[in-house]
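S.K.:
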């Protein structure tokens with residue numbers, strides 16, 4: 107098995123060296139305040155996407171929004187932790203009327219689901235995706251336009267997703283990134299799991315050379331807004347100028363918050379979708395409990 111990993115590692119290194127780490131589309135306007143989202147309402151090229159379960163959407167949603175629960179973007183009808191197939195994502199986005207050139211704004215009631223859907227949309231080729239910085243509950247309290255029920259009928263789009271491979275890390279790419287000083291590896295799980303005191307699996311510890319920056323540190327105390335850019339810069343000191351950063355957690359969901367934070371900083375970043383659940387299933391792969399401090 108180790109020999110297989112070695113052979114595949116060579117291929118991963120070749121791919122990594124050929125891949126473009128340029129993220130020229132990095133922008134600070136991926137995070138919109140509630141008032142900014144309100145100003146976008148009614149524009150023909152803007153699609154407001156509700157990441158909450160359909161039952162919540164029916165009870166109330168931003169007027170004109172479409173329902174696209176984050177859970178639907180998981181493989182096997184939501185029974186897997188991994189992102190759904192290209193075909194499944196194409197059908198979901200087409201049904202929601204989303205096209206490659208759409209300006210998509212994602213909102214919800216927690217930043218984990220919102221950030222995960224943001225990552226999925228970017229990974230499958232939507233060029234302009236933004237997040238509402240705040241929650242749907244806040245939208246209602248502000249007295250902004252709301253609707254109920256199924257929402258407005260959406261014309262199905264013809265969408266051909268193109269997988270952006272610089273957004274998605276595989277197990278072999280992560281293996282290749284270990285001890286590569288040009289790349290950053292970020293464990294977004296709680297400190298107790300990173301340090302091997304607790305684990306969601308039978309294996310305790312973390313991927314060697316990974317730095318622990320828990321996902322919740324990117325957000326305010328209510329976990330519905332991102333911290334100011336200046337604070338995020340301090341949090342990710344030494345990582346912003348890496349050629350590439352890879353984030354992971356247990357299932358690739360909560361680390362999506364870290365993905366968005368690094369996108370806000372204009373740093374190159376991708377998500378390891380398999381995350382710790384996948385890594386820990388391979389006994390031939392290295393694991394450590396030694397801490398690595400981000401002191402660059």
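Numbering (the working numbering), first residue to last: 107 to 402.
Where is the CB? At the ideal position from N, CA and C, for every residue including glycine.
The structure presented is a predicted model; accordingly, all values stated were derived computationally and were not measured.
1) With which residues is residue 234 paired in a DSSP beta bridge?
2) With DSSP collapsed to three states, give me the class of residue 387.
3) Measuring only the C-alpha atoms, how far is residue 200 from residue 174?
4) Provide the residue span of the beta strand (DSSP E) that contains residue 261, from first to last.
5) Helix, strand or coil: which one does DSSP assign to residue 173?
6) So, helix, strand or coil for residue 356, using DSSP?
7) Using a 10 Å radius around the Cβ and a threshold of 16 neighbouring Cβ atoms, would you call residue 131 buried or exposed?
8) Would you report the Cα separation of residue 287 and residue 398, rounded to the nearest angstrom?
9) Quick check: the region 234-253 against the region 382-395, are there 3 or more CB pairs under 8 angstroms?
10) Determine the burial state of residue 361: buried for a count of at least 16 other Cβ atoms within 10 Å of its Cβ, exposed for fewer.
11) Output needed for residue 262: all residues of its chain with C-beta closer than 7 angstroms, excluding positions within five of it in sequence on either side, in chain order.
12) Note down the Cα distance separating residue 149 from residue 392, rounded to an integer number of angstroms.
M.R.: In terms of the structure at hand:
1) Here residue 234 refers to the residue found at position 128 when the chain shown is read from its first residue. In DSSP, residue 234 forms a bridge with 209.
2) Counting from 1 along the chain shown, the entry for residue 387 is found at position 281. Note: residue 387 maps to coil in three-state DSSP.
3) Position 94 of the chain shown holds residue 200. Position 68 of the chain shown holds residue 174. Cα-Cα distance, rounded: 11 angstroms.
4) Along the chain shown, read from residue 1 onward, the residue named residue 261 stands at position 155. Per DSSP, residue 261 belongs to no beta strand (DSSP E) and is neither H nor E.
5) If you number the chain shown from 1, residue 173 lands on position 67. The answer is strand: DSSP assigns residue 173 an E or B state.
6) Here residue 356 corresponds to residue number 250 of the chain shown, with the count starting at 1. Residue 356 falls in the coil class under three-state DSSP.
7) In the chain shown, counting from the first residue as 1, residue 131 sits at position 25. Low per-residue confidence applies at residue 131: pLDDT is 42, beneath 50, and the placement is therefore not dependable, though the value from the model is reported in the following sentence. Its Cβ having fewer than 16 others within 10 Å, residue 131 is exposed.
8) Mapped onto the chain shown, residue 287 falls at position 181. Mapped onto the chain shown, residue 398 falls at position 292. C-alpha separation (whole angstroms): 13 angstroms.
9) no
10) Counted from its first residue, the chain shown places residue 361 at position 255. Buried, by the Cβ-count rule.
11) Taking the chain shown and counting its residues from 1, one reaches residue 262 at position 156. Counting only Cβ-Cβ distances below 7 angstroms, and skipping sequence neighbours, we find 200, 201 and 203.
12) Numbered from its first residue, the chain shown carries residue 149 at position 43. Numbered from its first residue, the chain shown carries residue 392 at position 286. About 50 angstroms.
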